[in-house]
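Counting from 1 along the sequence shown, just add 173 to a position and that's the residue number in this note's numbering.
The block underneath contains the structure these notes are about, expressed in structure tokens.
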Amino acid sequence: MNDDPWADLGTPHVEDSINAKRVDANSPWNVFWGRTIDGACLLLFNYSAGSEPRHSLPALKGLEITTPARTGIDDRHLIFTLTDPGKRDLFFTLCKDILSAISTAETENEAINLALSRTWRWHHLLRGGSGRRLSPSEQKGLIGELIVLQRHILPLLSASDAVASWQGPLDGPKDFELGQLAVEVKARRGTATPYIEISSENQLAIPELSTLFLLVVNLDGAPSDSPEAQCVTDFANALKLDISNRDEGAIELFESRLAASGFLWTDDYSDVAWIEGENRLLSVCGRFPRITPASLPLGVNRVRYSISLQECEPFLVEFDSLSRAITRLDND
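Okay, structure coming up:
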């Protein structure tokens, strides 16, 4: 690892203290390389009380991200601490990426939020996503989830509860989880072969006493100058406006979910446009065609398979079925 910033940084001699050195003396932002008393490497942002981050804090394996409370003190700390010494080179790469991202910030608050957005992007990368802007397939999947959140969940719940139910970006078992009710979203090209891809034996598994809906969103590519075409940023902007009109306090959580999905507002998606087709809602129950952990022979796992939409037709339900299920849940 070249230019290891922690190599010549000794550990402090006092418990709960940090030995630190400034990353860049010419930077307007107070960012430091640091070491704890037990030798852990960290990156520390010192910021004013008025620049609190909008994003929630991501969770990455081998990394702890904290904003420790400092009673009676005006400044704040955002601390990235490496908890797995074996990933020091990866942590250094992450730190350099964060520093590159905040170099474009014009305000301290923007710098803090850019740092967290970039870390959420790494969350997306480390769970199997791409490291650059979203691929067309990833855009399609995100748009499908945004449509479901805006159209079928947000109108029936508080904005904060609706956004909190969106678990897809966090690699949750289902895309949307509302107590004993779950919704899995599959976005596909309407002109494609009439199949949907299932990524694991757990995706359509239903815990006891739970209800699962599968919502299939049809999206086709379109010329960007088509009157009805929208890019993924258009979908995200429309939903952000709806959430803001309902509850400004839910925007922070929404932004975190977007970042966890790999979406950044700074990426340009205007060259990839989509038109929504006819969608369908399926009730996953009974003899619905699927593979579950209980149906697999011992030792078989990580199964990927396709389902014929034609064979799913007996399980088609009206969209009111989902609305009624959410409303019953909210009234319980």
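All C-beta atoms in this analysis are idealised placements derived from N, C-alpha and C, irrespective of residue type, glycine included.
With a beta-carbon spacing of about 19 Å, Thr240 and Arg208 fall beyond the 8 Å limit used to define contacts.
In the structure shown, the three-state DSSP call for Trp295 is helix. According to the DSSP secondary-structure assignment, Phe492 is paired through a beta bridge with no residue.
Checking the DSSP bridge columns, you'll see Ala395 partnered with Ala446.
Three or more Cβ pairs closer than 8 Å define a contact, and the stretch 185-203 meets that threshold against the stretch 215-222.
The beta carbons of Val321 and Arg361 sit no closer together than 8 Å.
Taking every protein chain shown into account, the CB of Asn410 has fewer than 16 other CB atoms within 10 angstroms, so this residue is exposed. When Ile210, Trp179 and Glu188 are compared, the shortest CA-CA separation from Arg195 is found for Trp179.
The shortest CA-to-CA distance from Leu431 to any of Ala193, Asp262, Val473 and Lys413 is the one to Lys413. Phe205 is bridged by DSSP to Arg195 and Leu217. For Ala360, the uninterrupted beta strand (DSSP E) segment begins and ends at Leu354 to Arg361.
With respect to the C-alpha of Phe349, the residue from Ser383, Pro367 and Cys458 having the closest C-alpha is Ser383. Gly314 sits buried, since 16 or more C-beta atoms from the chains shown fall within 10 Å of its C-beta. Residues Ala355 and Glu357 of the same chain have their beta carbon placed closer than 6 Å to that of Lys347, with the five preceding and five following residues left out of the count. The shortest C-alpha to C-alpha distance from Asn418 to any of Leu327, Asp247 and Asp270 is the one to Leu327. C-alpha of Gly422 to C-alpha of Gln340: approximately 18 Å in a straight line. By the neighbour-count definition (other C-beta atoms within 10 Å, threshold 16), Leu287 is a buried residue.
Collapsing the DSSP output to three states places Arg477 in coil. The Cβ atoms of Ile379 and Tyr478 do not sit closer than 8 Å to each other. Gln403 is bridged by DSSP to Trp447. Ser429: member of the alpha helix (DSSP H) spanning Ile424 to Ala433, first to last residue. The beta carbon of Ile252 is closer than 6 Å to those of Leu215, Leu217 and Thr239 in its chain, skipping five residues each way along the sequence.
Using a 10 angstroms sphere on the CB of Leu351, the tally of other CB atoms reaches 16 or more, which defines it as buried. In this structure, the alpha-carbon of Leu272 lies about 47 Å from that of Leu482. Secondary structure at Ser290: helix, using DSSP grouped into helix, strand and coil.
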